[in-house]
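Asker: If you read the protein sequences in the order shown, they are chains A and B.
One point on numbering: in the numbering used here, the residue at position 173 of the first sequence is 173, and numbering is uninterrupted.
Numbers given in the numbering used here equal positions in the second sequence, counted from 1, plus 180.
Backbone N, C-alpha and C define an ideal beta-carbon position, used for all residues, glycine too.
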Amino acid sequence: MEKEFIITIFSENTVGLLSQITTVFTQRNINIESITASESAIKGIYKHTIMVKNDPEKVANLVKQIEKKVDVLKAFCYSPSEVVLQELALYKVQRSRNVEELVRKHNVRILDIHDDYIVLEKTGHREEIVDLYHMLKPYGIYQFVCSGQIAIIKSKRELLDEYLSYVNEKQKRMMENNQI
Amino acid sequence: MKSSFHTDTTPSPKKELPRISGSEAVMRSFLAEGVETIFGYPGGAIIPVYNALYDYRDKINHILVRHEQCAIHAAQGYARATGRTGVCIVTSGPGATNTVTGLADALLDSTPIVLISGQVASKTLGTDAFQEINFIEITQSVTKWNCQVKRAEDIPAAIAKAFYIASTGRPGPVVIDITKDAQTGFTDFEYNPIKFIRSYQPYADVDNDQIMEAVRLINLSRKPMALIGQGVILGGAEQELKEFLEKSGIPAASTLLGLSALPSDHPQYVGMLGMHGNYGPNIKNRDCDLLIAIGMRFDDRVTGDPSNFGINAKVIHLEIDPAEINKIVYADVPVLGDVKQTLPLITKHISQKDHTEWLNEFKVCYNIEREDIIEPAIARRGPHLRMGEVVDAVSNEFDDAILVTDVGQQQMFASRYFRFKQSRSIITSGGLGTMGFGLPAAIGAKIGSPERDVCLFVGDGGLQMTLQELGTIYQSEVGVKIVLMNNGFLGMVRQWQELFYDKRYSFTELTNPDFELIAKANHIPYRLVEKHEELESAVKEMHQSEGAFLLEVRLQREENVFPMVPAGAPVTDIRLE
Numbered sequence: 001m002e003k004e005f006i007i008t009i010f011s012e013n014t015v016g017l018l019s020q021i022t023t024v025f026t027q028r029n030i031n032i033e034s035i036t037a038s039e040s041a042i043k044g045i046y047k048h049t050i051m052v053k054n055d056p057e058k059v060a061n062l063v064k065q066i067e068k069k070v071d072v073l074k075a076f077c078y079s080p081s082e083v084v085l086q087e088l089a090l091y092k093v094q095r096s097r098n099v100e101e102l103v104r105k106h107n108v109r110i111l112d113i114h115d116d117y118i119v120l121e122k123t124g125h126r127e128e129i130v131d132l133y134h135m136l137k138p139y140g141i142y143q144f145v146c147s148g149q150i151a152i153i154k155s156k157r158e159l160l161d162e163y164l165s166y167v168n169e170k171q172k173r174m175m176e177n178n179q180i
Numbered sequence: 181m182k183s184s185f186h187t188d189t190t191p192s193p194k195k196e197l198p199r200i201s202g203s204e205a206v207m208r209s210f211l212a213e214g215v216e217t218i219f220g221y222p223g224g225a226i227i228p229v230y231n232a233l234y235d236y237r238d239k240i241n242h243i244l245v246r247h248e249q250c251a252i253h254a255a256q257g258y259a260r261a262t263g264r265t266g267v268c269i270v271t272s273g274p275g276a277t278n279t280v281t282g283l284a285d286a287l288l289d290s291t292p293i294v295l296i297s298g299q300v301a302s303k304t305l306g307t308d309a310f311q312e313i314n315f316i317e318i319t320q321s322v323t324k325w326n327c328q329v330k331r332a333e334d335i336p337a338a339i340a341k342a343f344y345i346a347s348t349g350r351p352g353p354v355v356i357d358i359t360k361d362a363q364t365g366f367t368d369f370e371y372n373p374i375k376f377i378r379s380y381q382p383y384a385d386v387d388n389d390q391i392m393e394a395v396r397l398i399n400l401s402r403k404p405m406a407l408i409g410q411g412v413i414l415g416g417a418e419q420e421l422k423e424f425l426e427k428s429g430i431p432a433a434s435t436l437l438g439l440s441a442l443p444s445d446h447p448q449y450v451g452m453l454g455m456h457g458n459y460g461p462n463i464k465n466r467d468c469d470l471l472i473a474i475g476m477r478f479d480d481r482v483t484g485d486p487s488n489f490g491i492n493a494k495v496i497h498l499e500i501d502p503a504e505i506n507k508i509v510y511a512d513v514p515v516l517g518d519v520k521q522t523l524p525l526i527t528k529h530i531s532q533k534d535h536t537e538w539l540n541e542f543k544v545c546y547n548i549e550r551e552d553i554i555e556p557a558i559a560r561r562g563p564h565l566r567m568g569e570v571v572d573a574v575s576n577e578f579d580d581a582i583l584v585t586d587v588g589q590q591q592m593f594a595s596r597y598f599r600f601k602q603s604r605s606i607i608t609s610g611g612l613g614t615m616g617f618g619l620p621a622a623i624g625a626k627i628g629s630p631e632r633d634v635c636l637f638v639g640d641g642g643l644q645m646t647l648q649e650l651g652t653i654y655q656s657e658v659g660v661k662i663v664l665m666n667n668g669f670l671g672m673v674r675q676w677q678e679l680f681y682d683k684r685y686s687f688t689e690l691t692n693p694d695f696e697l698i699a700k701a702n703h704i705p706y707r708l709v710e711k712h713e714e715l716e717s718a719v720k721e722m723h724q725s726e727g728a729f730l731l732e733v734r735l736q737r738e739e740n741v742f743p744m745v746p747a748g749a750p751v752t753d754i755r756l757e
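1. Could you tell me which of ALA406/B, ARG466/B, GLY438/B sits nearest to GLY448/B, measuring between CA atoms?
2. On the criterion of 16 or more Cβ atoms from any shown chain inside 10 Å, does ASP357/B qualify as buried, or is it exposed?
3. Determine whether the Cβ of ILE377/B lies closer than 8 Å to any Cβ atom of chain A.
4. Taking the alpha-carbon positions, what's the GLU370/B to VAL215/B distance?
5. Could you tell me whether the region 335-343 of chain B touches the region 297-312 of chain B, using the rule of 3 or more Cβ pairs below 8 Å?
6. Which ranges does the beta strand (DSSP E) cover as unbroken runs of at least 3 residues, wholly within the region 83-138 of chain A, from first to last along the chain?
7. If the cut is a Cβ gap below 8 Å, which residues of chain B does ASP55/A touch?
8. TYR412/B: buried (16+ other C-beta within 10 angstroms of its C-beta) or exposed?
9. Taking Cβ-Cβ distances shorter than 9 Å, what residues in chain A pair up with ILE316/B?
10. Specify the secondary structure class of GLN328/B as computed by DSSP and reduced to three states.
11. Helix, strand or coil, according to DSSP, for ASP285/B in the structure here?
12. Determine, using beta carbons only, whether HIS497/B and MET392/B come nearer to each other than 8 Å.
13. Would you report the Cα separation of VAL634/B and ARG604/B, rounded to the nearest angstrom?
14. Can you check whether the CB of LEU120/A is closer than 8 Å to the CB of ARG109/A?
15. Shorter than 8 Å from the beta carbon of GLN390/B to some beta carbon of chain A?
16. Taking three-plus beta-carbon pairs below 8 Å as touching, is the region 659-669 of chain B in contact with the region 617-636 of chain B?
17. Report the residue ranges of all beta strand (DSSP E) runs contained in full by the region 658-716 of chain B; include only those spanning at least 3 residues, in chain order.
18. For chain B, check one thing: does any of its Cβ atoms lie closer than 8 Å to the Cβ of MET1/A?
19. In the region 449-528 of chain B, which residue ranges form an unbroken beta strand (DSSP E) of at least 3 residues, counting only runs that do not cross its ends?
20. Which residue wins for smallest C-alpha separation from LYS154/A, given the options LEU85/A, TYR117/A, MET135/A, GLY124/A?
21. Could you give the distance in angstroms between the alpha-carbon of LYS183/A and the alpha-carbon of SER11/A?
22. Nearest by alpha-carbon distance to TYR383/B: which of VAL741/B, VAL495/B, LYS360/B, LYS520/B is it?
23. Do you know offhand how far VAL72/A's Cα is from ILE50/A's?
24. What runs of the alpha helix (DSSP H), each 4 residues or longer, lie entirely inside the region 257-323 of chain B?
25. Classify ALA41/A: buried if its beta carbon has 16 or more other beta carbons within 10 angstroms, exposed otherwise.
26. Any idea if ARG402/B is buried or exposed, counting beta-carbon neighbours within 10 angstroms, 16 or more meaning buried?
27. How big is the Cα-Cα spacing for PHE185/B and ASN576/B?
28. So is ILE35/A in contact with chain B if we call contact Cβ pairs under 8 Å?
29. Going by other Cβ atoms of all chains shown within 10 Å of its Cβ, with 16 needed for buried, is ASN458/B buried or exposed?
30. For MET174/A, which residues in chain B fall below 9 Å Cβ to Cβ?
31. Please classify ALA60/A: does DSSP put it in a helix, a strand, or coil?
32. Counting only beta-carbon atoms, is GLN320/B nearer than 8 Å to chain A?
33. From what residue to what residue does the alpha helix (DSSP H) around MET392/B run?
34. With distance defined between alpha-carbon atoms, name the residue in ILE398/B, THR271/B, GLY416/B, ALA417/B nearest to PRO431/B.
35. Nearest to SER79/A by alpha carbon, out of LYS137/A, VAL59/A, LYS92/A, MET135/A?
36. Count the other CB atoms within 10 Å of the CB of LEU111/A; is the residue buried (16 or more) or exposed (fewer)?
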């Protein structure tokens with residue numbers, strides 16, 4: 001049964017890393033629903049958030065293959081209920097009284113106003129963004145753009161920190177034993 | 181942009197460091213890694229490295245192949261015969277792309293390879309310069325790791341990282357793409373081997389609970405079978421395997437790549453798994469109550485239909501690569517780690533047992549197979565020579581040789597009927613099934629293990645895929661014994677066409693050149709054998725001749741490899757005819 005999963009990947013910031021990751025998807029013919037990448041809270045480590053819809057077992061194997069990439073520190077897989085998800089969308093629409101009413105009602109930010117158009121920003125869940133799109137559509141949307149989904153896990157533990165402290169311990173042990 | 185490795189290569193200010201070219205840094209890094217032999221082919225974007233190599237000719241043995249694909253296959257043969265990392269050097273563009281098949285082969289068969297490819301100067305990158313190709317992108321899915329180096333000072337650290345990654349954990353091929361200006365630039369040289377990368381932990385910590393759970397299942401099991409994979413050879417765990425088997429009394433079967441980890445005449449060895457494996461280990465799969473997979477990855481040629489594989493058995497999977505756990509067959513007890521480390525922990529705690537009755541069931545199967553398949557296959561029967569008979573004769577004559585095969589029927593006959601005494605005695609393209617692999621791999625194996633005989637079995641199709649390497653054999657005086665199994669067909673495909681496509685032999689028949697003339701043109705001693713009664717003396721002549729030899733065997737044109745598990749069927753559907 002296909003389900004939605006959020007894969008978060010922590011990696012070194014190397015050239016071509018993204019293509020190293022995406023090649024794992026292409027090889028298995030798994031479509032990426034959305035993807036974002038940015039620096040994480042830990043200096044020098046990048047965090048990629050990828051949404052997929054697929055069978056749980058296929059996704060579990062996929063995550064292991066991603067983690068196998070040498071420059072990937074760790075990859076985790078979550079169901080939507082385990083994370084806080086947000087997405088950001090920009091809409092360029094024709095100015096009208098109806099649009100301005102929607103802006104007030106739906107907690108939308110105005111980023112730019114011109115004589116003939118207005119640029120709106122909406123942050124929220126995917127459904128809210130899609131809903132707003134459909135509401136604005138009758139009044140004329142000139143342009144629309146949407147970021148990929150980003151996620152923060154609900155658990156208090158940051159799993160990458162655990163990995164990093166494990167790795168640091170290991171390195172220390174190896175140095176003490178003159179293995180490195 | 182950041183460079184793609186994190187070791188600080190800045191030299192300490194106190195030391196006086198030699199200032200050398202990037203190309204010379206490549207050579208000195210090789211020496212620091214203990215590299216003695218490299219396989220390669222020069223070209224425009226790698227000339228500076230070859231120029232440096234000129235001064236290191238007495239320290240590094242360079243084998244000039246005739247095609248870059250063969251540089252990497254030879255390096256694979258070298259690596260698999262010796263257990264060391266195979267090294268090759270090629271130029272940019274076509275030189276680099278020609279190695280892609282070998283990289284894929286090495287990735288699937290877990291062979292440690294470091295490939296240095298030349299690249300156009302960094303300022304022309306991305307301009308479609310002459311012989312420029314985005315080799316990093318191309319090799320993304322056929323390497324364990326790759327990186328591009330654009331500055332001379334980054335070369336030593338990149339090479340150190342490459343050797344560490346290629347040879348540790350589950351080994352694999354690594355590419356270092358070095359731009360021409362990095363080769364010609366200058367750097368202070370200091371070599372620091374790398375043994376730690378925070379994003380790469382090749383050896384999992386041993387989980388004692390899983391070890392004890394494995395022990396519990398083994399002690400309870402009435403009909404266990406061990407499945408030996410190449411992981412045993414790669415981990416150097418042959419002795420640990422023997423101790424495990426001899427204490428547990430468990431029958432052991434081998435994958436194609438696991439062959440020779442256990443000597444063929446070991447009393448608990450019950451044969452090869454898989455599509456053309458032995459009858460017992462396949463037919464008994466359903467009776468097993470426990471499968472102990474030791475460094476193997478449940479390739480589809482081994483499992484047939486995986487949903488029917490070991491259907492009544494629990495599975496203990498000893499494996500170094502976490503991504504292999506539950507990939508094909510669900511592991512009730514996954515034991516992560518190097519089998520050299522994990523096997524003895526299991527052996528220590530299991531009870532001494534013998535499974536005589538269970539082993540006897542395999543003997544019964546073997547007797548059936550011997551009568552129906554083996555004896556007819558190796559017997560002097562019919563007007564023409566046949567493959568099993570030839571393999572048997574060569575195996576009799578060459579005691580303890582390294583067997584190298586190409587891909588196809590001869591590969592299966594050779595792996596079925598060749599007898600192994602010591603580990604690292606089979607070199608064959610298992611995962612990728614690369615025709616043309618055999619000849620260059622045999623060259624690499626012989627150069628890596630000059631003290632051992634290297635026997636290559638190759639078909640008339642496969643030989644012609646990399647035929648040009650006979651020139652390498654002549655130039656570098658490589659004493660490979662080549663047994664050309666000539667039946668004028670692409671035999672394995674023809675067999676499938678016969679069995680599954682109503683004998684519609686679509687483009688599998690070969691009209692061959694005169695192999696005697698080809699051997700002569702390359703100054704390689706040659707003999708043709710067509711008759712049963714000449715076979716033994718011909719094989720003897722090949723054995724006794726100094727250096728390389730090409731023995732052409734004209735075979736019965738149509739012959740099939742049996743037993744056979746039809747593709748995708750349960751292994752218990754194994755057919756004896």
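Answerer: Looking at the atomic coordinates:
1. First, the amino acid is wrong: residue 448/B is Gln here, not Gly. Comparing Cα-Cα distances from GLN448/B to each of ALA406/B, ARG466/B, GLY438/B, the minimum goes to ALA406/B.
2. buried
3. Taking CB atoms only, ILE377/B has a neighbour in chain A less than 8 Å away.
4. In a straight line, the C-alpha of GLU370/B is about 17 Å away from that of VAL215/B.
5. no
6. 83-94, 109-113, 117-124
7. The premise fails here: ASP55/A is roughly 13 Å from chain B at the closest Cβ pair, so nothing lies under 8 Å.
8. What sits at residue 412/B in the sequence shown is Val, not Tyr. By the 10 Å Cβ count, VAL412/B comes out buried.
9. VAL15, GLY16, SER19
10. strand
11. helix
12. no
13. 12 Å
14. Taking C-beta atoms as the reference points, ARG109/A and LEU120/A count as a pair closer than 8 Å.
15. no
16. yes
17. Those beta strand (DSSP E) runs which fall completely within the region 658-716 of chain B and span 3+ residues are 661-666, 706-709.
18. no
19. 449-452, 470-474, 494-499, 513-516
20. Distance from the Cα of LYS154/A is smallest, within the candidate group LEU85/A, TYR117/A, MET135/A, GLY124/A, for LEU85/A.
21. Only positions 1 to 180 of chain A appear in the structure, and residue 183/A is not among them; the question remains open.
22. The candidate whose alpha carbon is nearest that of TYR383/B is LYS520/B.
23. 14 Å
24. 274-277, 280-288, 315-318
25. exposed
26. exposed
27. With a pLDDT of 47 at PHE185/B, under the threshold of 50, the modelled position of that residue is not reliable, and the figure given next carries that caveat. Distance between the alpha carbons of PHE185/B and ASN576/B: 51 Å.
28. no
29. buried
30. LYS375, PHE376
31. Here ALA60/A sits in helix by DSSP.
32. yes
33. Looking at the DSSP string, the run of the alpha helix (DSSP H) that includes MET392/B is 388-400.
34. Checked all of ILE398/B, THR271/B, GLY416/B, ALA417/B; the closest Cα to PRO431/B is ILE398/B.
35. Of the candidates LYS137/A, VAL59/A, LYS92/A, MET135/A, VAL59/A places its Cα closest to the Cα of SER79/A.
36. exposed
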